[in-house]
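To start, the structure under review is shown below, and the notes come after it.
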Amino acid sequence: MTRRKPPKVSFRWWVDRQIDEARARGEFDDLPGTGKPLPKPTGNDAATDWVLRQVRAGGHDTKELLPPALALKREVQDLPGRLAGERTERQVRELVEDLNERIRLAYRTHLGGPPLTVALVDVEEAVEDWRRSRATP
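Numbering (my numbering), first residue to last: 2 to 138.
Okay, structure coming up:
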């Protein structure tokens, strides 16, 4: 356990001294990541960057971290790409109808976080867009 900070000594000086003593004892030698470059900053705070790296390293999708209202909005934005991978019109309709049902449920129940501002997806329009995307090579 570390010693207590002496009175009339600044925290900054005390912390710097603790670090210098630990460095002199070799406690920072051979740490994981030694000699590797620091990750590029993303504009987020360090804690957010750390969480995002851990989630990605675990093979998880960072979209799971979004509040429900933003996750639905993101899902609507990503819908054309998701539908492009479907093989049948029935699958496209089922995906869009499922998304619309979750949007309706979100409006009926209280969601934490930012307000829900996403509209229902027009099933027929989504199917037509899917057809057009499959017709072009």
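Ideal Cβ positions, reconstructed from N, Cα and C, are used throughout, including at glycine.
Are residue i and residue j closer than 7 Å when you measure CB to CB?
| i | j | result |
| --- | --- | --- |
| residue 94 | residue 124 | yes |
| residue 117 | residue 70 | yes |
| residue 97 | residue 136 | no |
| residue 58 | residue 134 | no |
| residue 139 | residue 68 | Residue 139 is absent from the structure shown; the chain starts at 2 and stops at 138. |
Whole angstroms are fine: how far does the CA of residue j sit from the CA of residue i?
| i | j | result |
| --- | --- | --- |
| residue 16 | residue 10 | 10 Å |
| residue 49 | residue 62 | 15 Å |
| residue 34 | residue 18 | 24 Å |
| residue 110 | residue 60 | 31 Å |
| residue 139 | residue 22 | The chain is shown from 2 up to 138; residue 139 falls before or after that span and cannot be answered. |
| residue 102 | residue 13 | 55 Å |
| residue 129 | residue 78 | 17 Å |
| residue 53 | residue 38 | 18 Å |
| residue 41 | residue 32 | 20 Å |
Just to confirm my understanding: we take residue i, look at its own chain, exclude 5 residues before and 5 after, and list those with CB closer than 6 Å. What are they?
| i | result |
| --- | --- |
| residue 1 | The question about residue 1 has no answer, for the chain in this structure spans 2 to 138. |
| residue 2 | Per-residue confidence for residue 2 stands at a pLDDT of 47, beneath the threshold of 50, marking its modelled position as unreliable; the derived number appears in the next sentence. Result list for residue 2: empty, nothing under 6 Å. |
| residue 56 | 63 |
Please classify residue i as buried or exposed, where buried requires at least 16 other C-beta atoms within 10 Å of its C-beta.
| i | result |
| --- | --- |
| residue 66 | exposed |
| residue 131 | buried |
| residue 20 | exposed |
| residue 106 | exposed |
For residue i, collect the residues of the same chain with a Cβ closer than 7 Å to its Cβ; drop the 5 residues on either side in sequence, then sort them by chain order.
| i | result |
| --- | --- |
| residue 108 | 117 |
| residue 43 | 50 |
Counting only the same chain and skipping the five closest in sequence on each side, list residues whose C-beta sits under 8 Å from that of residue i.
| i | result |
| --- | --- |
| residue 90 | 128, 131 and 132 |
Output the residue ranges of the alpha helix (DSSP H) runs that lie fully inside the region 9-69 and measure 4 residues or longer, sorted by chain position. 12-26 and 47-58
_Runs of 4 residues minimum, wholly inside the region 87-132: which ones carry the alpha helix (DSSP H) assignment?_
90-109
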